[in-house]
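*Asks:* Numbering-wise (our numbering), the sequence shown opens with residue 2 and increments by one. Glycine residues also receive a C-beta, built at the ideal position from the N, C-alpha and C atoms. Please read these numbers as outputs of a predicted model, since none were measured by experiment. Can you keep this structure in mind? I'll have questions shortly.
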Amino acid sequence: MLLKRYDVKIEVMTPFNIASGEDSDGFVDKKTVLFKGQPYIPGSTIKGKIRSNFCKIASIEHIDGICDCPACNIFGGQGFKPSRIYVNDFTLEKCEAKERKNLLIRFGNAMDRYKKTAKEDALFVTEVARPALFTGQITVYFDENTLNYKEDLELAIRMIDSVGNGRSRGYGRVKVYLEEVTQ
């Protein structure tokens, strides 16, 4: 088994919102996930984007149920098929966290697509994080079957272009920098 570690930097170029799932506090409808008062990008969010991209570029035929495709071998599958990829949460780079307040409030209004007007009582408030640089690590355990897909997996990581909610409104555009750590 071959262990590969990657240092990953995600440069968020536009404000983003990854919803925390908390109830509305009466003002903000959609809060951003926070860790110790600072926004972060959950590893599960990035892992899902990587898996989706990997399936597209590797032309994988996935079968529901117990499957032996490369995606299930790397990302885990049903039954006892644990994941071979571990994605840490991506936190603000230290200088970014100390520098400034990292949250903004954005207002929006839902549209009636038939009347082409604003819907009644449809004002919503979203908490978004400012553009910033996030860092984290990805660890992959390759075996003889999955090692053939190393380049596809690295490409899938680099292909991530957005995170969070409101991507059609321009939120969450990102650029990913991947560096393999030598041991």
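Just list the residues that DSSP pairs G22 with in beta bridges.
*Replies:* In the DSSP output, where bridge partners are listed per residue, G22 has none listed.
*Asks:* Kindly indicate the opening and closing residues of the beta strand (DSSP E) around D65.
*Replies:* Here D65 belongs to no beta strand (DSSP E), and DSSP marks it neither H nor E.
*Asks:* Quick check: Y142 and M14, are their CB atoms within less than 8 Å of each other?
*Replies:* The answer is no: Cβ separation not under 8 Å.
*Asks:* Let me make sure I understand the geometry here. Which of A111, L4, Y172 and G66 has the alpha-carbon closest to that of E12?
*Replies:* Minimum Cα distance to E12 is reached at Y172.
*Asks:* Shortest alpha-carbon distance to I42 belongs to which of A123, L148 and F91?
*Replies:* The shortest C-alpha separation from I42 is found at F91.
*Asks:* Using C-beta distances below 6 Å, list every residue in its chain close to V89, excluding the 5 sequence neighbours before and after it, in chain order.
*Replies:* Sequence check: residue 89 is Asn here, not Val. Taken in chain order, the residues that qualify are G44, G137 and Q138.
*Asks:* Taking the alpha carbon of A130 as the point to measure from, which residue in A20, V9 and K10 has its own alpha carbon closest?
*Replies:* When each option's Cα is compared against that of A130, the closest is A20.
*Asks:* Report the rounded CA-to-CA distance for I47 versus G80, giving the unit in angstroms.
*Replies:* Roughly 23 Å separates the two Cα atoms.
*Asks:* Could you tell me the distance, in whole angstroms, from the CA atom of I86 to the CA atom of K37?
*Replies:* Cα to Cα, the separation comes out at about 26 Å.
*Asks:* Is it true that the CB of V175 sits closer than 8 Å to the CB of I161?
*Replies:* Their beta carbons are under 8 Å apart, which means I161 touches V175 by this criterion.
*Asks:* Can you tell which of N149, T127 and L179 has the C-alpha that lies nearest to the C-alpha of T170?
*Replies:* It is Arg, not Thr, that sits at residue 170 in the sequence shown. If we check each option's Cα against that of R170, T127 comes out closest.
*Asks:* According to the Cβ coordinates, are R159 and L134 closer than 8 Å?
*Replies:* The answer is no: Cβ separation not under 8 Å.
*Asks:* State the DSSP-derived secondary structure class of F17, mapped to helix, strand or coil.
*Replies:* Looking at F17 - three-state DSSP - the assignment turns out to be strand.
*Asks:* Select from L93, R52, K95 and I106 the residue whose C-alpha is nearest the C-alpha of I75.
*Replies:* I75 has its Cα closest to that of R52, out of L93, R52, K95 and I106.
*Asks:* Quick one: which unbroken beta strand (DSSP E) runs of 3-plus residues sit fully inside the stretch 129 to 159? Chain order, please.
*Replies:* Complete beta strand (DSSP E) runs here, min 3: 134 to 143.
*Asks:* Following the continuous beta strand (DSSP E) through F76, name the residue where it begins and the one where it ends.
*Replies:* Run containing F76: none in the beta strand (DSSP E); it sits in the alpha helix (DSSP H), P71 to F76.
*Asks:* Under the rule that 16 or more other beta-carbon atoms within 10 Å means buried, what is Y150, buried or exposed?
*Replies:* Y150 comes out buried.
*Asks:* Shortest alpha-carbon distance to V164 belongs to which of G49, L35 and G22?
*Replies:* For the residues G49, L35 and G22, the minimum Cα distance to V164 belongs to G49.
*Asks:* For R174, name the three-state secondary structure that DSSP assigns.
*Replies:* DSSP places R174 in strand when its eight states are reduced to three.
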